[in-house]
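Enquirer: One structure is given below, represented as structure tokens, and several questions about it will come after.
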Amino acid sequence: MSTQTTQATQTQKRFRAAAEQRDLATLEELFTPDARLYSPVKFRPFEGRPMIMGVLGVLMRVFEDFHYVGEFTGASERNATGEEADSAVLIFRATVDGKEIHGMDLFTFDEAGLITELTVMVRPHSAVVTLGQAVLAGLAEDGLAPAPGA
């Protein structure tokens with residue numbers, strides 16, 4: 001196992017533990033300053049560590065009974081040149097407003113093992129809608145997005 005892969009694996013394990021413990025301070029250390037979070041409820045990514053931390057803070061408030069149920073590691077394409085990057089997937093379950101959510105977090109890491117991209121996917125569609133409404137309301141409440149209907 002390369003040093004880069006080992007660092008990514010350590011970051012994945014730290015992310016999992018911090019997310020399950022709702023430890024935002026530790027999560028913040030794991031992202032590059034210019035990281036991106038791709039959300040199932042927004043077309044464009046959330047960009048930069050401060051915005052990502054805002055989204056994760058809202059998710060921690062709206063997710064009930066959040067827990068990871070599986071994980072996978074490997075490599076994925078980092079950019080248009082086809083260069084590979086260490087990647088990981090964490091499978092989770094949670095509830096939002098009484099709707100059960102099945103989801104996964106897909107991570108891409110840099111050479112130092114920090115998270116450069118986090119892509120979140122959830123199902124079913126009704127849960128995506130409910131989650132989107134809850135996240136938008138939370139972001140508006142925190143001053144990170146306009147209030148719905150504004």
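UniProt numbering puts the first residue of the sequence shown at 1, with every later residue one more than the last. Cβ coordinates follow ideal geometry from the N, Cα and C atoms, glycine included.
#1: Would you mind reading off the limits of the beta strand (DSSP E) that contains residue 118?
#2: Taking the alpha helix (DSSP H) that residue 58 belongs to, which residues open and close that run?
#3: Say the cut is 7 Å; is the CB of residue 148 nearer than that to a heavy atom of the ligand ZN?
#4: Let's test the definition: count the other Cβ atoms within 10 Å of the Cβ of residue 15 and tell me whether it reaches 16, buried, or not, exposed.
#5: On the three-pair Cβ rule with 8 Å, is the segment 100 to 108 touching the segment 133 to 147?
#6: My guess is that residue 92 and residue 72 are in contact by the Cβ rule of under 8 Å, so how many angstroms apart are they, rounded?
#7: Using only CA atoms, which one of 85, 61, 131, 113 lies nearest to residue 8?
#8: Just curious, the alpha helix (DSSP H) that residue 29 is in, first and last residue?
#9: With DSSP as the reference, label residue 36 as helix, strand or coil.
#10: Can you name the residues that DSSP bridges to residue 96?
#11: For residue 60, which of 42, 131, 143, 149 has the nearest alpha-carbon?
#12: By the 10 Å Cβ neighbour count, where 16 or more other Cβ atoms means buried, how is residue 43 classified, buried or exposed?
#13: Taking residue 124 as the reference, give the member of 75, 142, 99 with the closest Cα.
#14: Identify every residue that forms a DSSP beta bridge with residue 71.
#15: Can you name the residues that DSSP bridges to residue 108?
Expert: To lay it out plainly:
#1: Looking at the DSSP string, the run of the beta strand (DSSP E) that includes residue 118 is 115 to 123.
#2: Segment 49 to 62, the alpha helix (DSSP H) holding residue 58.
#3: By its list of ligands, the structure shown contains no ligand whatsoever, and the ligand ZN lies outside what it can speak to.
#4: Note on residue 15: 16 or more other CB atoms within 10 angstroms of its CB, so buried under the neighbour-count rule.
#5: Touching, no, given that fewer than three Cβ pairs across the two stretches are closer than 8 Å.
#6: With a beta-carbon spacing of about 13 Å, residue 92 and residue 72 fall beyond the 8 Å limit used to define contacts.
#7: Of 85, 61, 131, 113, the residue nearest in Cα terms is 113.
#8: Judged by DSSP secondary structure, residue 29 falls within the alpha helix (DSSP H) whose first and last residues are 24 to 29.
#9: Reduced to three states, the DSSP call for residue 36 is strand.
#10: Answer is 99.
#11: Scanning 42, 131, 143, 149 for the CA closest to the CA of residue 60 turns up 131.
#12: Classified as exposed, residue 43 has fewer than 16 neighbouring CB atoms from the shown chains inside 10 Å of its CB.
#13: If we check each option's Cα against that of residue 124, 99 comes out closest.
#14: DSSP output for residue 71 lists 90 as bridge partner(s).
#15: Paired residue(s): 87, 117.
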